[in-house]
Amino acid sequence: MTGVQTAEAISPTTISFSSNEEAVWVDGIAEDGDGGSDNIQDFTLQFYNISDTSGTLIEKQLVHGDSFLDDGFVALSSYEENLSNNGWTGMGMTSPDGSEFQLNSFFYSNYGEGASIEIQVKGYRDHQEVAEASFHTDHRVNEFESKNVELDETFDNVDTVFLYSERASWHGINHIAVDEPVSNFTVTFDANGASAGTAPDSMSGKAGASITLPGKETLVKNGFTFVGWNTAASGSGTAHEEGAAFTIGASNETLYAHWFLTGDGNGDGKVTSADALMVYQAIANKTKLTAIQKKVLDLNSDGQVNAIDANLIMKAAVGK
Numbered sequence: 001m002t003g004v005q006t007a008e009a010i011s012p013t014t015i016s017f018s019s020n021e022e023a024v025w026v027d028g029i030a031e032d033g034d035g036g037s038d039n040i041q042d043f044t045l046q047f048y049n050i051s052d053t054s055g056t057l058i059e060k061q062l063v064h065g066d067s068f069l070d071d072g073f074v075a076l077s078s079y080e081e082n083l084s085n086n087g088w089t090g091m092g093m094t095s096p097d098g099s100e101f102q103l104n105s106f107f108y109s110n111y112g113e114g115a116s117i118e119i120q121v122k123g124y125r126d127h128q129e130v131a132e133a134s135f136h137t138d139h140r141v142n143e144f145e146s147k148n149v150e151l152d153e154t155f156d157n158v159d160t161v162f163l164y165s166e167r168a169s170w171h172g173i174n175h176i177a178v179d180e181p182v183s184n185f186t187v188t189f190d191a192n193g194a195s196a197g198t199a200p201d202s203m204s205g206k207a208g209a210s211i212t213l214p215g216k217e218t219l220v221k222n223g224f225t226f227v228g229w230n231t232a233a234s235g236s237g238t239a240h241e242e243g244a245a246f247t248i249g250a251s252n253e254t255l256y257a258h259w260f261l262t263g264d265g266n267g268d269g270k271v272t273s274a275d276a277l278m279v280y281q282a283i284a285n286k287t288k289l290t291a292i293q294k295k296v297l298d299l300n301s302d303g304q305v306n307a308i309d310a311n312l313i314m315k316a317a318v319g320k
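Structure (C-alpha cells):
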C-alpha cells in the first residue's frame with residue numbers, strides 16, 4: 001500500500017454472517033455481503049483464518065458453523081479436518097486495497113475450548129501496529145466459549161486486524177461492527193531558516209486532540225532568538241509558545257519556528273539604544289515586557305532581563 005486511503009463511503013454497518021457460502025469461501029476468504037451479511041457500498045472487508053501472528057492466510061474452506069452442521073456455532077470459522085483436529089493461530093480481517101476503517105466491536109466464539117481463553121487483538125495501519133487489546137471469553141453461547149468484544153478509539157482507523165491465541169485453538173467471529181475511519185492529522189514543525197539543527201519530529205492525532213508543543217530542540221539561527229511557533233513562516237500568523245497546548249485541526253498543519261532578532265525588543269528589525277531603554281524602563285517598572293520581549297532581550301540567557309542585558313544591547317547597537 002502506498003499512502004493512506006480512507007473508506008469514506010462506510011456508514012455504520014454490522015456484518016453478520018447467517019448462512020453458508022461454501023463455493024465462495026473455498027479459498028479461505030469471506031467478504032462483506034457474503035453469507036447473508038450486509039454489503040458495504042464501494043468498500044470490501046475480508047475475513048480469513050491465519051496460521052501465524054503475521055497474518056499468513058490459511059487457504060482452507062470457511063463455513064458458517066451452524067448453517068453447515070446445525071450445531072449452534074453461530075460464527076464464521078473452519079471445519080476443515082486438519083484445522084478441526086488441531087486448531088489454528090487465529091483470524092484476520094483486512095481491506096484488500098489498504099483503505100482504512102473503524103472497527104468498533106465483534107462477536108468471538110470458540111468451538112473447541114472447554115474453559116475461558118485469552119485472545120490478543122492487534123490493529124494495523126499501513127503495515128504498522130497502531131492498536132492493541134486483549135480479552136477472555138466470559139460467557140457461553142450454545143455451549144461455546146464466547147465474548148462480545150468492544151474496542152477502544154485506537155481501532156478508529158485501521159486497515160488490518162488480527163486476533164489470535166497463544167496456542168492453536170478453534171476460532172470464530174461474527175457481527176463485526178465497522179464505521180467510517182476517524183482520521184489522524186499531522187502537525188509538522190518547520191525550521192524556518194535555521195542555521196543548524198533539526199526540527200522536532202511531527203506529531204499526529206485526531207481532530208480536536210491536544211498536543212504539547214515542543215521547544216526548538218537542536219535548532220539554531222545565528223543572531224536570532226527562538227520565541228515559539230507560528231502558523232506563518234513570516235511570523236504574521238498565530239503565535240504559539242513552546243510547552244503550550246495545541247489543538248489538532250481537521251487537516252494537516254505546519255508550524256514554523258518563530259525567530260526574533262536577538263536584542264530587538266521593539267521589533268523594528270534592528271538593535272538600537274531604544275531597545276536598551278526598553279530594558280531600563282522595565283527595570284524601573286515603567287513598562288511591562290511581553291513573554292517574547294523577555295526572551296529577545298535576555299542577551300546572556302540567564303532567564304532574567306536586567307542592566308547586564310541593557311549594557312550588552314548597547315554594545316550590540318554600536319557594533320562592539
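Numbering (full-length UniProt numbering), first residue to last: 1 to 320.
All C-beta atoms, glycine included, are put in the ideal place defined by N, C-alpha and C.
Note that this is a predicted model, so its numbers are computed, not measured.
Rounded to whole angstroms, the gap between the alpha carbons of L213 and A310 is 31 angstroms. Cα atoms of Y280 and E132: separation of roughly 58 angstroms, rounded to the nearest angstrom. In this structure, N104 places its C-beta atom within 8 angstroms of the C-beta atom of A177.
Judged by DSSP in its simplified three-state form, N85 adopts helix. Cβ contact annotation for N39 (same chain, cutoff 7 angstroms, sequence separation greater than five): D32 and G33, in chain order. Counting only unbroken stretches of 3 or more residues, the beta strand (DSSP E) elements lying wholly within the segment 46-117 are 46-50, 88-94 and 102-110, in sequence order. Straight-line spacing of the CA atoms in V149 and T56 works out to 23 angstroms.
Rounded to whole angstroms, L297 and V220 show a C-alpha spacing of 17 angstroms. Between F162 and the set S37, N142 and M91, the nearest pair of CA atoms involves M91. By the CB criterion at 8 angstroms, M93 and F47 fall inside the cutoff.
Around N230, the same chain offers G237, A239, Y256 and H258 as residues with beta carbons nearer than 6 angstroms, after the five sequence neighbours per side are excluded. For I313, the uninterrupted alpha helix (DSSP H) segment begins and ends at A307 to A317. Beta-bridge pairing by DSSP links Y164 to G90 and Q120.
For I292, the uninterrupted alpha helix (DSSP H) run begins and ends at A291 to L297, by DSSP.
Within the same chain, E118, I119, Q120 and V121 come within 7 angstroms of S134 by CB-CB distance, once the 5 residues on both sides are set aside. A317 is positioned such that its CB atom lies no closer than 8 angstroms to that of S251. Relative to I292, the option among S204, T262, S19 and I283 whose CA is nearest is T262. Judged by pairs of C-beta atoms under 8 angstroms, the segment 199-213 does not touch the segment 52-70, as fewer than three such pairs exist.
When the five nearest sequence neighbours on each side are left out, the beta carbons in the same chain lying within less than 6 angstroms of the beta carbon of A196 are those of V220, in order along the chain. Pairing G28 with I58 gives a Cβ-Cβ distance under 8 angstroms. The C-alpha of R167 is placed about 12 angstroms away from the C-alpha of E113. Put simply, of F155, W170 and S234 the residue whose alpha carbon is nearest the alpha carbon of E81 is W170. Within the same chain, S202, S204 and N252 come within 6 angstroms of T186 by CB-CB distance, once the 5 residues on both sides are set aside. Straight-line measurement puts the Cα of N184 at about 38 angstroms from the Cα of S301.
Residue pairing from DSSP places V149 in a beta bridge opposite F106.
Rounded to the nearest whole angstrom, the CA to CA distance from G267 to F260 is 8 angstroms. According to the DSSP assignment, L277 belongs to the alpha helix (DSSP H) that extends over S273 to I283. Only buried fits K295, as 16 or more other CB atoms lie within 10 angstroms of its CB. Secondary structure note for D201: it is in no beta strand (DSSP E), with a DSSP letter that is neither H nor E.
In the displayed model, F155 falls within a helix according to three-state DSSP. When the five nearest sequence neighbours on each side are left out, the beta carbons in the same chain lying within less than 6 angstroms of the beta carbon of S77 are those of G65 and G172, in order along the chain.
Burial is judged here by how many other beta carbons sit within 10 angstroms of a residue's own beta carbon; T160 has at least 16 and is buried.
Going by beta carbons, L45 and F101 fall inside the 8 angstroms limit.
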